[in-house]
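In my numbering, the protein residues as written are 51 to 218. Here a beta-carbon is modelled for each residue, glycine too, at the ideal position from N, C-alpha and C. For reference, the structure is listed below as structure tokens.
So, in structure tokens, the structure goes:
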């Protein structure tokens, strides 16, 4: 078999393999029913500076409970301010929900509507932001979806986790 015929045969085999893999990938991306649950968080740790600075990261840690008040795990976020101004800051963040039956990972970029002095002791504003679920482990293996966090007070938040698992 000459070189030209070998290349044609190889190209045809590669294209056919790609079509088969593509069809299998499409089947795998079929979504199952969404599931949604709500968790309540109480801050148990943080190193948020008094004044946010571009490029200086901070973390927050919340202990999570379910609707019945049972402990179910923790919410850990690592945040990095990208811009900072008197009316707020733009922050890039990663989130890990460590739950009894696995972990959910997520990421976001959001406008934090707080002034440069971050932790007002009283009358903090309620604000919400959304994370895109990037994956998970255990019961959340292959997870996709979102995590919406509503900051009720300085030390309390509510998480709404909406998962649309992909069939595996």
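* **Straight-line Cα distance separating residue 192 from residue 74** => Confidence is the limiting factor: at residue 74 the pLDDT is only 42, short of 50, which leaves the residue's position unreliable and the question unanswerable from this model.
* To do: List in chain order: all unbroken beta strand (DSSP E) runs of 3+ residues lying wholly within the stretch 106-140.
  => 108-115, 121-135
* Rounded to whole angstroms, how far is the Cβ of residue 132 from the Cβ of residue 104, which I believe are closer than 8 angstroms? -> 7 angstroms
* Do you know whose CA, among 140, 178, 176, lies nearest residue 161's CA? -> 140
* Assuming residue 184 and residue 156 make a contact with CB atoms under 8 angstroms, what is their CB distance in whole Å? -> 6 angstroms
* To do: Would you kindly work out how many angstroms separate the C-alpha atoms of residue 150 and residue 208, rounded to a whole number?
  => 18 angstroms
* To do: Give the DSSP bridge partners of residue 90, in chain order.
  => 115, 208
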